[in-house]
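A short worksheet on the structure shown next.
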Amino acid sequence: MTQTIIVVGAGHAGGQAVATLRQKGFDGRIIMIGDEPYVPYERPPLSKAVLAGEMELERTFLKKAAWYPEKQIDFRPNTLVTSFDRRAKTVTTSHGENLAYDKLLLATGTRVRKLQAPGAKLENIFYLRAIDDTLAIQKQMKPGAKVVIVGGGYIGLEVAAVAVKTGCEVTVLEGLERVMSRVVAPEVSEFYDKVHTDAGVVIKTGMAVTGFEGHGKVERVLCADDSSYPADLVVIGVGVLPNVELAAEGDLAVDNGIVVDEYCQTSDDNIWAAGDCTNHPNSLLGRRLRLESVQNAVDQAKTAANAMCGELKEYAEIPWFWSDQYDLKLQIVGLSEPGDEVVIRGNPADRKFSAIYLRHGQFVAINAINMIKDFMAAKKLIAEGKHLDPVKAAEAEVALKDM
Ligand SMILES: Cc1cc2nc3c(=O)[nH]c(=O)nc-3n(C[C@H](O)[C@H](O)[C@H](O)COP(=O)(O)OP(=O)(O)OC[C@H]3O[C@@H](n4cnc5c(N)ncnc54)[C@H](O)[C@@H]3O)c2cc1C
4 MTQTIIVVGA GHAGGQAVAT LRQKGFDGRI IMIGDEPYVP YERPPLSKAV
54 LAGEMELERT FLKKAAWYPE KQIDFRPNTL VTSFDRRAKT VTTSHGENLA
104 YDKLLLATGT RVRKLQAPGA KLENIFYLRA IDDTLAIQKQ MKPGAKVVIV
154 GGGYIGLEVA AVAVKTGCEV TVLEGLERVM SRVVAPEVSE FYDKVHTDAG
204 VVIKTGMAVT GFEGHGKVER VLCADDSSYP ADLVVIGVGV LPNVELAAEG
254 DLAVDNGIVV DEYCQTSDDN IWAAGDCTNH PNSLLGRRLR LESVQNAVDQ
304 AKTAANAMCG ELKEYAEIPW FWSDQYDLKL QIVGLSEPGD EVVIRGNPAD
354 RKFSAIYLRH GQFVAINAIN MIKDFMAAKK LIAEGKHLDP VKAAEAEVAL
404 KDM
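Each number in this note's numbering comes from the position in the sequence shown (counting from 1) with 3 added on.
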C-alpha cells in the first residue's frame, strides 16, 4: 500500500527532508505543509545579501517552485497545522482538513522572542525571521534613517553592517557587557565592536531597553539608565523560541525542544523531528542540546529522512555556523564554554585571525575570521578530538591542518 509522509514546516529542515526522501527513492505520497507563502528558503541571506539588495529573493529558494510538482510533492503553503492525532494518525490544518499519515516529520523551527515592553507594538518596530520581515525592513532602511538595533547578536550586527553601508545612522543596544557574547570569545567581541565603531555604528553595551515612544510610529527607544535613542525604525534581535506547542499538545516529549533520539525519532514510533525545534543528543559532544543553525537543520533532516526510509544513520556532527559582516566572514566550529583556554592565531588588525578554544588541551571550538583554511582544518581536528599545544597553535604561519 502507498505510504504517506507528512512534513510539518516548510523551512530549511522541511525542504531538505523532502529532497532527501525523493533522493532515497521513497515513492510514496509526500505532503509538505508550511504556514509561510513561499517554497522552502534559506534564511541566512535575509540579514545579509538580500537585506543589502545584493541578492534576489528567488536565489534563497532551496528548490525552484516547479521542482515540487515535478517530484510529486504536494506542497501546501499558507497552511498551518493546528493539531495532530497520534492514534488516528491524522493532522488537522487551518483550512479544516484532516490528512492521514503513516509517518510524520515535525520541522517547525523557531519563532522570534518578542520584547514585552510599553510601546513595543508601535509601527516600524521589526523582528527578522522571514522573507516578509526583510522586505518590510528594507523599505524603511533609507539613507539618513535612524536605525536602532536591540540586541548585539549576530543577526543584530549583520543588520547593523547593512544599515550603516546603506547610509543610515545606526545604534546597537546590547543588554550584556559585550556583543555576540553567547558565541565568541571576548577578544573576538572586542574586534567586532571596533569594526562596527570604525564603520560609524554606535555600540552601547549593558543597556536594558525598557520601552518605545512615538505617535503611531516609533520615535524613541527608552533604556533603564534613563537614556533614550531617536529612531525611525527599530530592529529587535533578542533570540528565538522553539515551536514546540504543536508537539506538546500532541503529547510528545518536549524539553526546550521536541525530544528526539540520535535518529531524530520522537517519543512516538511514527513521528520524527528535525532542525531548530529539536532537543537532540550528540555523541561527539557527549550531551543533549538544541541548535539554531543551517548545518543542524540540513543534517538532521537527512538523518530523519533516512530513518523514515528504514536506514538508521546516527546524527553526530560538530556544529558549525557563520556570520557575514562587512568584508568579514566569521566561521564558527564547535561550541565553546566559559573557562576554555583561548589562543589567538594571527593579528586582528589584519582583519584575518582565529580564536582557538582548548579545553584541558583538547581543541573544542574555533572562531575563524577570514581564515577559511583554519575553518576547514578545524572541522576535522575538532571531530577527531585533537589536542593542541597552545604555543604552537598560536603560530599562524604553521597550517592548522599540519598540527
Ligand atoms: C535572519 C537570519 C539569519 C540567519 N543566519 C544564519 C547563518 O548565517 N548561519 C546559520 O547557520 N544559521 C543562520 N540562521 C538560522 C537558520 O536559518 C535556522 O537555523 C534554520 O532556518 C532552521 O531551519 P528549520 O527548518 O529548523 O526552521 P525554520 O527555517 O524556522 O522553518 C520552520 C518552518 O515551519 C513553519 N511552521 C512552524 N509551525 C508550523 C505549523 N504548525 N504548521 C505549518 N508550518 C509551521 C515556520 O513558519 C517555518 O516556515 C539565520 C536565521 C535567520 C532568521
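The C-beta atom is built at its ideal place from N, Cα and C for all residues, glycine as well.
Return the first residue and the last residue of the alpha helix (DSSP H) that Pro233 is part of. Counted from its first residue, the sequence shown places residue 233 at position 230. Segment 231-233 is the beta strand (DSSP E) holding Pro233; no alpha helix (DSSP H) there.
List in chain order: all unbroken beta strand (DSSP E) runs of 3+ residues lying wholly within the segment 54-119. If we require 3 residues or more, the beta strand (DSSP E) runs fully inside the segment 54-119 come out as 76-79, 84-88, 93-96, 101-103, 106-109, 113-115.
Tell me, which residues are paired with Ile128 by DSSP? To locate residue 128, count along the sequence shown from 1; it is residue 125. BP columns for Ile128 point to Val237.
From Tyr329, Pro322, Lys332, Lys355, pick the residue whose C-alpha is nearest to that of Ala368; which is it? Indexing the sequence shown from 1 puts residue 368 at position 365. Checked all of Tyr329, Pro322, Lys332, Lys355; the closest Cα to Ala368 is Pro322.
Ala192: first and last residue of the uninterrupted alpha helix (DSSP H) it sits in: Here residue 192 corresponds to residue number 189 of the sequence shown, with the count starting at 1. At residue 192 the sequence reads Ser, which differs from the Ala that was named. DSSP places Ser192 inside the alpha helix (DSSP H), whose first and last residues are 189-202.
For Tyr318, which of helix, strand or coil comes out of DSSP? For the purposes of this step, residue 318 is taken as the residue at position 315 of the sequence shown. Tyr318: coil per DSSP, three-state reduction.
Shortest alpha-carbon distance to Leu295 belongs to which of Gly349, Tyr266, Leu244? Locating residue 295 in the sequence shown gives position 292, counting from the first residue. First, the residue type needs correcting, since residue 295 is Glu and not Leu in the sequence shown. Out of Gly349, Tyr266, Leu244, Leu244 has the C-alpha closest to the C-alpha of Glu295.
Can Ala413 be considered in contact with ligand 1, in the sense that its beta carbon sits closer than 7 Å to one or more heavy atoms? Past the edges of the chain, shown from 4 to 406, lies residue 413, and the structure says nothing about it.
Residue-level contact to chain B via CB, Glu39, 8 Å cutoff: Any reference to chain B falls outside this structure, which holds one protein chain only.
Considering just the uninterrupted stretch of the beta strand (DSSP E) at Thr174, what are its terminal residues? As a first step, residue 174 is located in the sequence shown; it is residue number 171 there, counting from the start. Element bounds for Thr174: 172-176.
Where Val241 and Thr5 are concerned, what is the direct C-alpha to C-alpha distance, given to the nearest angstrom? Position 238 of the sequence shown, counting from 1, holds the residue named residue 241. Position 2 of the sequence shown, counting from 1, holds the residue named residue 5. Cα-Cα distance, rounded: 45 Å.
Minimum C-alpha distance to Leu108 - residue among Ala304, Ile335, Ala381, Gly337: Indexing the sequence shown from 1 puts residue 108 at position 105. In terms of CA proximity to Leu108, Ala304 leads the group Ala304, Ile335, Ala381, Gly337.
Does the segment 184-192 come into contact with the segment 334-346, if we say contact requires no fewer than three beta-carbon pairs (one atom in each stretch) closer than 8 Å? Between the segment 184-192 and the segment 334-346 there are three or more C-beta pairs closer than 8 Å, enough to call the two in contact.
Helix, strand or coil, according to DSSP, for His363 in the structure here? Numbered from 1 along the sequence shown, position 360 holds the residue referred to as residue 363. His363 carries a coil assignment under DSSP once its states are collapsed to helix, strand and coil.
List the whole-angstrom C-beta distance separating Phe366 from Ile375, where the pair is believed to meet the contact cut-off of C-beta under 8 Å. Along the sequence shown, one-based indexing puts residue 366 at 363. Along the sequence shown, one-based indexing puts residue 375 at 372. Incorrect: roughly 17 Å between the Cβ atoms, too far for contact.
Rounded to the nearest angstrom, how far is the Cβ of Val53 from that of Ile36, given a contact under 8 Å? Walking along the sequence shown from the start, residue 53 turns up at place 50. Walking along the sequence shown from the start, residue 36 turns up at place 33. Cβ-Cβ separation between Val53 and Ile36: approximately 25 Å, too far for a contact (criterion under 8 Å).
To which residues does DSSP link Gln303 through a beta bridge? Here residue 303 refers to the residue found at position 300 when the sequence shown is read from its first residue. For Gln303, DSSP assigns no beta-bridge partner whatsoever.
Within a Cβ cutoff of 8 Å, which residues of the same chain sit near Thr82, ignoring the five residues on either side of it in sequence? Residue numbering aside, residue 82 sits at position 79 when the sequence shown is read from its first letter. Ile36, Gly37, Asp38, Thr96, Ser97, His98, listed in sequence order.
Going by the CB atoms, is the gap between Val162 and Val238 shorter than 8 Å? In the sequence shown, the residue the question calls residue 238 occupies position 235. In the sequence shown, the residue the question calls residue 162 occupies position 159. In this structure, the beta-carbon distance from Val238 to Val162 falls below 8 Å.
For Arg90, is the classification buried or exposed, using 16 other Cβ atoms within 10 angstroms of its Cβ as the cut-off for buried? Translated into positions along the sequence shown, residue 90 becomes position 87. When all chains shown are included, Arg90 counts as exposed.
CB of Leu131 to nearest heavy atom of ligand 1: below 7 Å? Against the sequence shown, residue 131 aligns to sequence position 128. True, at least one ligand heavy atom lies under 7 Å from that Cβ.
For the beta strand (DSSP E) that contains Lys332, what are its first and last residues? Within the sequence shown, residue 332 is the residue found at index 329, counting from 1. Residue range 331-337 is occupied by the beta strand (DSSP E) that includes Lys332.
Can you tell me where the alpha helix (DSSP H) holding Pro393 begins and where it ends? As a working mapping, residue 393 is identified with position 390 in the sequence shown. Pro393 -> alpha helix (DSSP H) spans 393-396.
With a threshold of 16 other CB atoms inside 10 Å of the CB of Asp405, please say whether the residue is buried or exposed. To locate residue 405, count along the sequence shown from 1; it is residue 402. Flag for Asp405 reads exposed.
Considering Arg293, what are the terminal residues of the alpha helix (DSSP H) in which it resides? If you number the sequence shown from 1, residue 293 lands on position 290. In the DSSP assignment, Arg293 falls outside any alpha helix (DSSP H), carrying neither H nor E.
If you draw a straight line from the C-alpha of Val21 to the C-alpha of Asn350, how long is it? If you number the sequence shown from 1, residue 21 lands on position 18. If you number the sequence shown from 1, residue 350 lands on position 347. Spanning the two alpha carbons is a distance of roughly 44 Å.
Determine the direct distance from the alpha carbon of Val297 to that of Lys168, and round the result to whole angstroms. For the purposes of this step, residue 168 is identified with residue 165 of the sequence shown, where counting begins at 1. For the purposes of this step, residue 297 is identified with residue 294 of the sequence shown, where counting begins at 1. Going by the C-alpha atoms only, they are around 26 Å apart.
Pick out whichever of Ile140, Val221, Val94 has its Cα sitting closest to the Cα of Ala250. By one-based count along the sequence shown, residue 250 stands at place 247. Distance from the Cα of Ala250 is smallest, within the candidate group Ile140, Val221, Val94, for Val94.
So, do the segment 119-132 and the segment 220-240 have three or more beta carbon pairs nearer to each other than 8 Å? Of all C-beta pairs linking the segment 119-132 to the segment 220-240, three or more are shorter than 8 Å, placing the two stretches in contact.
Whole-number beta carbon distance between Arg348 and Asp330, since they are thought to touch under 8 Å: As a first step, residue 330 is located in the sequence shown; it is residue number 327 there, counting from the start. As a first step, residue 348 is located in the sequence shown; it is residue number 345 there, counting from the start. With a contact defined as Cβ atoms closer than 8 Å, Asp330 and Arg348 miss out at about 19 Å.
Please state whether DSSP places Glu180 in a helix, a strand or coil. Indexing the sequence shown from 1 puts residue 180 at position 177. In the structure shown, the three-state DSSP call for Glu180 is coil.
If distances are taken between C-alpha atoms only, which option among Leu118, Asp254, Glu320 comes closest to Ala211? Here residue 211 refers to the residue found at position 208 when the sequence shown is read from its first residue. For Ala211, the closest of Leu118, Asp254, Glu320 by C-alpha to C-alpha distance is Leu118.
Is Trp275 near ligand 3, going by C-beta to nearest heavy atom under 7 Å? Among the ligands present in this structure, namely ligand 1, ligand 3 is not found.
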